[in-house]
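Asks:
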Amino acid sequence: MKQSFIPAFRKLFGSPPQLLSSAPGRINLIGEHTDYNLGYVLPAALNLQNYCLLSKRPDDRVCFWAENFKDKDEFLLGKISFSESKKWVNYIRGIFWVLEEEGFVLQGINGFLWGDIPLEAGLSSSAALEVSVLNGLRALFRLELEPIKRVKLARKAENEFVGVQCGIMDQFISVFGEKNKALFLDCETLESKLLPLRPDKEGLRISVYESGMKRELASSEYNKRRDDSGRALEILKKFGARDYKGVSLSFLEKKRTEMDEVLFRRARHVITENQRVKEAVQALEKDDFRLLGELIFGSHESLRDDYEVSCPELDLLYEVAREFPGCYGARLTGAGFGGSGIALVHQEQIPALRAKLLEEVARRGFVRPEFYEVDIGEGAKAEFLSEEGN
Ligand code: GLA
326 MKQSFIPAFR
336 KLFGSPPQLL
346 SSAPGRINLI
356 GEHTDYNLGY
366 VLPAALNLQN
376 YCLLSKRPDD
386 RVCFWAENFK
396 DKDEFLLGKI
406 SFSESKKWVN
416 YIRGIFWVLE
426 EEGFVLQGIN
436 GFLWGDIPLE
446 AGLSSSAALE
456 VSVLNGLRAL
466 FRLELEPIKR
476 VKLARKAENE
486 FVGVQCGIMD
496 QFISVFGEKN
506 KALFLDCETL
516 ESKLLPLRPD
526 KEGLRISVYE
536 SGMKRELASS
546 EYNKRRDDSG
556 RALEILKKFG
566 ARDYKGVSLS
576 FLEKKRTEMD
586 EVLFRRARHV
596 ITENQRVKEA
606 VQALEKDDFR
616 LLGELIFGSH
626 ESLRDDYEVS
636 CPELDLLYEV
646 AREFPGCYGA
656 RLTGAGFGGS
666 GIALVHQEQI
676 PALRAKLLEE
686 VARRGFVRPE
696 FYEVDIGEGA
706 KAEFLSEEGN
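Note that the sequence shown covers residues 326 to 715 in the numbering used here.
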């Protein structure tokens, strides 16, 4: 698949591409809405990727074609503005903007984008887009950008140019993901550890359930949750807490009357979710998928009841999976408010689980979901295609 757009690039721009860059989407096994609360996360990169073919231009014009949207974007370096009308272009413009902010002097680019990560499905297609463009430009212009700097700049583009106040998880895993590994990350210190993720050892597979409910991450609810959890922490700080990682559930319980009920539940989610991530790391270290599955179910309950970011379509996955023999765990993954869920399920039981889900979807009158069996893939890569680029 990755080479198949080279002729299209050549036809569109009249010369061959110099470089192919790719970056993956992700699932998050556990640790949801903890990244911006400077806690723990445990994502894994997907084999679903965003790809980008690039070549330099002699002028200062940037021209991109996005195959998935059948749409193009053009702008001039030094004059990068936010587009109100076309959402996807801002992820690319944001990367050029952030590089200019860093003082890098670039030249014009021809670019061709495509990918197989479902869009707005909670699988982090936007971080993959940002990281693939950034890493491609880094390689092409030989910019001095350490991997961690790439993560930070891609996130900065999303926070400050696109205007989505996301945490660091998606860009981090897109850069640092490795095949058949999950990545434990402390979002405060940015210390990370790769852990083997081999559910196949027990005949299990991770199945993605895309609810079909498109979510608007930039929209208000995500930012409201950030705000709630931040306010709850401010209250806890008055009583000596330093951060969420250092707060126990019993400490929070004692301060219950100091905050309103909603803030209490938001804080309880963050505290218990951090704890679940730590236990999930231990479970992975022992290949204990039963335990991992229970923690995954627990995460969904907390996201549904305390953090309130689920929706009926994602609750259905949880409810069906809970009762389904052969399914060890299931939950929403990513920000929530629609998007996707994951299930840890015995390979041979997947068709039966899907059938059961579809039956319930029809009974409840929900939109038809999509199912993906995913593999855990590699982080971002950039490779020169011709001698000329080397
Ligand atoms: C989105 C954001 C991430 C993270 C998750 C929720 O994917 O981009 O930074 O906050 O939501 O865990």
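Glycine residues also receive a C-beta, built at the ideal position from the N, C-alpha and C atoms.
For the ligand NAP, is there any heavy atom lying closer than 7 Å to the beta carbon of Gly-659?
Replies: By its list of ligands, the structure shown excludes the ligand NAP, since it contains just the ligand GLA.
Asks: Starting from His-625, trace the alpha helix (DSSP H) in both directions and tell me its first and last residue.
Replies: As a first step, residue 625 must be located in the sequence shown, where it is residue number 300. Here the alpha helix (DSSP H) through His-625 covers 614 to 630.
Asks: Flag this pair as yes or no: are the beta carbons of Leu-315 and Arg-386 separated by less than 8 Å?
Replies: The displayed coordinates of the chain run from 326 to 715. Any statement about residue 315 would go beyond what the structure contains.
Asks: For the alpha helix (DSSP H) containing Gly-273, name the first residue and the last one.
Replies: Any answer about residue 273 is impossible in this case: the structure gives the chain only from 326 up to 715.
Asks: Indicate the three-state DSSP secondary structure (helix, strand or coil) for Asn-415 in the structure shown.
Replies: What you label residue 415 is simply residue 90 of the sequence shown in a count that begins at 1. Note: Asn-415 maps to helix in three-state DSSP.
Asks: So, under 8 Å CB-CB, Ala-705 and Val-456 are touching, yes? Tell me the CB distance rounded to an integer number of Å.
Replies: Walking along the sequence shown from the start, residue 705 turns up at place 380. Walking along the sequence shown from the start, residue 456 turns up at place 131. Right, their Cβ atoms sit about 5 Å apart.
Asks: Can you tell me where the alpha helix (DSSP H) holding Thr-359 begins and where it ends?
Replies: Residue 359 sits at position 34 when you count from the first residue of the sequence shown. Per DSSP, Thr-359 lies in no alpha helix (DSSP H) segment and is marked neither H nor E.
Asks: Pick helix, strand or coil for Gln-343, following the three-state DSSP scheme.
Replies: One-based indexing of the sequence shown puts residue 343 at position 18. Coil, per DSSP.
Asks: Which one or two residues does DSSP pair with Lys-506 in a beta bridge?
Replies: Here residue 506 is taken as the residue at index 181 of the sequence shown, counted from 1. Lys-506 pairs with Pro-521.
Asks: Ser-627 and Glu-598 look like a contact to me (Cβ under 8 Å); what is the Cβ gap, rounded to whole Å?
Replies: Translated into the one-based positions of the sequence shown, residue 627 becomes position 302. Translated into the one-based positions of the sequence shown, residue 598 becomes position 273. Right, the Cβ-Cβ distance comes to about 6 Å (below 8 Å), so this counts as a contact.
Asks: Quick one: give me the first and last residue of the alpha helix (DSSP H) that His-461 is part of.
Replies: What you label residue 461 is simply residue 136 of the sequence shown in a count that begins at 1. The sequence given here has Gly at residue 461, not His. Unbroken alpha helix (DSSP H) run through Gly-461: 450 to 466.
Asks: What I want to know is whether the C-beta of His-358 ends up closer than 7 Å to one or more non-hydrogen atoms of the ligand GLA.
Replies: Start at 1 with the first residue of the sequence shown, and residue 358 comes out as number 33. Yes, Cβ of His-358 sits closer than 7 Å to a heavy atom of the ligand GLA.
Asks: Ignore the nearest five residues each way along the sequence and tell me which others in Glu-445's own chain have a CB closer than 7 Å to its CB.
Replies: Reading the sequence shown from its first residue, position 120 is the one you call residue 445. Closer than 7 Å at Cβ, skipping near neighbours: Lys-539 and Arg-540.
Asks: Near Gly-623, what residues of its chain come up, given a Cβ to Cβ distance below 7 Å and the 5 sequence neighbours on each side ignored?
Replies: Locating residue 623 in the sequence shown gives position 298, where the first residue counts as 1. If we look at Gly-623 and ignore the five residues flanking it on each side, its Cβ neighbours are Arg-601.
Asks: If you draw a straight line from the alpha carbon of Arg-530 to that of Glu-698, how long is it in whole angstroms?
Replies: In the sequence shown, residue 530 corresponds to position 205, counting from 1. In the sequence shown, residue 698 corresponds to position 373, counting from 1. In a straight line, the C-alpha of Arg-530 is about 7 Å away from that of Glu-698.
Asks: Determine contact between the region 391 to 409 and the region 348 to 356, defined as no fewer than three beta-carbon pairs at a distance below 8 Å.
Replies: no
Asks: Looking at the structure shown, is Leu-515 part of a helix, part of a strand, or coil, going by DSSP?
Replies: Here residue 515 is taken as the residue at index 190 of the sequence shown, counted from 1. Here Leu-515 sits in coil by DSSP.
Asks: Just checking Ser-410 against the ligand GLA - is the residue's beta carbon closer than 7 Å to any of the ligand's heavy atoms?
Replies: Counted from its first residue, the sequence shown places residue 410 at position 85. No, Cβ of Ser-410 sits at least 7 Å from all heavy atoms of the ligand GLA.
Asks: For Ala-566 and Leu-558, what's the separation of their Cα atoms in angstroms?
Replies: Here residue 566 is taken as the residue at index 241 of the sequence shown, counted from 1. Here residue 558 is taken as the residue at index 233 of the sequence shown, counted from 1. The straight-line gap from Cα to Cα measures roughly 8 Å.
Asks: Could you check whether Asp-553 and Leu-588 sit closer than 8 Å to each other, using their CB atoms as the reference points?
Replies: Working through the sequence shown from its first residue, we reach residue 588 at position 263. Working through the sequence shown from its first residue, we reach residue 553 at position 228. In this structure, Leu-588 places its C-beta atom within 8 Å of the C-beta atom of Asp-553.
Asks: From the DSSP output, read off the bridge partner residues of Phe-696.
Replies: Working through the sequence shown from its first residue, we reach residue 696 at position 371. The partner list for Phe-696 (beta bridge, DSSP) reads Tyr-534.
Asks: Less than 8 Å between the C-beta atoms of Leu-424 and Gln-343, yes or no?
Replies: As a working mapping, residue 424 is identified with position 99 in the sequence shown. As a working mapping, residue 343 is identified with position 18 in the sequence shown. It is not a contact, given that the beta carbons lie outside the stated cut-off.
Asks: Give a yes or no on contact between the region 666 to 684 and the region 645 to 652, applying the rule of three or more CB pairs nearer than 8 Å.
Replies: Segments in contact, yes.
Asks: Give me the Cβ distance between Cys-512 and Ile-498, rounded to the nearest whole Å; I'm assuming they're in contact under 8 Å.
Replies: As a working note, residue 512 is residue 187 in the sequence shown. As a working note, residue 498 is residue 173 in the sequence shown. Going by Cβ atoms, the distance from Cys-512 to Ile-498 rounds to 12 Å, so no, they are not a contact pair.
Asks: Taking DSSP as the reference, what is the three-state secondary structure of Phe-400?
Replies: Stepping through the sequence shown from its first residue, residue 400 is reached at position 75. Three-state result, Phe-400: strand.
Asks: With distance defined between alpha-carbon atoms, name the residue in Glu-644, Lys-395, Asp-585 and Leu-478 nearest to Val-500.
Replies: Residue 500 sits at position 175 when you count from the first residue of the sequence shown. Shortest Cα-Cα distance from Val-500 to any of Glu-644, Lys-395, Asp-585 and Leu-478 involves Leu-478.
Asks: Quick check on this structure: which residue in Glu-586, Thr-514, Glu-535 and Ala-482 has the alpha carbon closest to the alpha carbon of Trp-422?
Replies: By 1-based counting over the sequence shown, the position of residue 422 is 97. For the residues Glu-586, Thr-514, Glu-535 and Ala-482, the minimum Cα distance to Trp-422 belongs to Ala-482.
Asks: Rounded to a whole number of angstroms, what is the C-alpha to C-alpha distance between Leu-378 and Leu-616?
Replies: On the sequence shown, position 53 is the one that residue 378 refers to. On the sequence shown, position 291 is the one that residue 616 refers to. Using only the alpha carbons, I get a separation of about 42 Å.
Asks: Taking 7 Å as the cut-off, is the C-beta of Tyr-361 nearer than that to any heavy atom in the ligand GLA?
Replies: Taking the sequence shown and counting its residues from 1, one reaches residue 361 at position 36. In terms of side-chain proximity, the C-beta atom of Tyr-361 is found nearer than 7 Å to a non-hydrogen atom of the ligand GLA.
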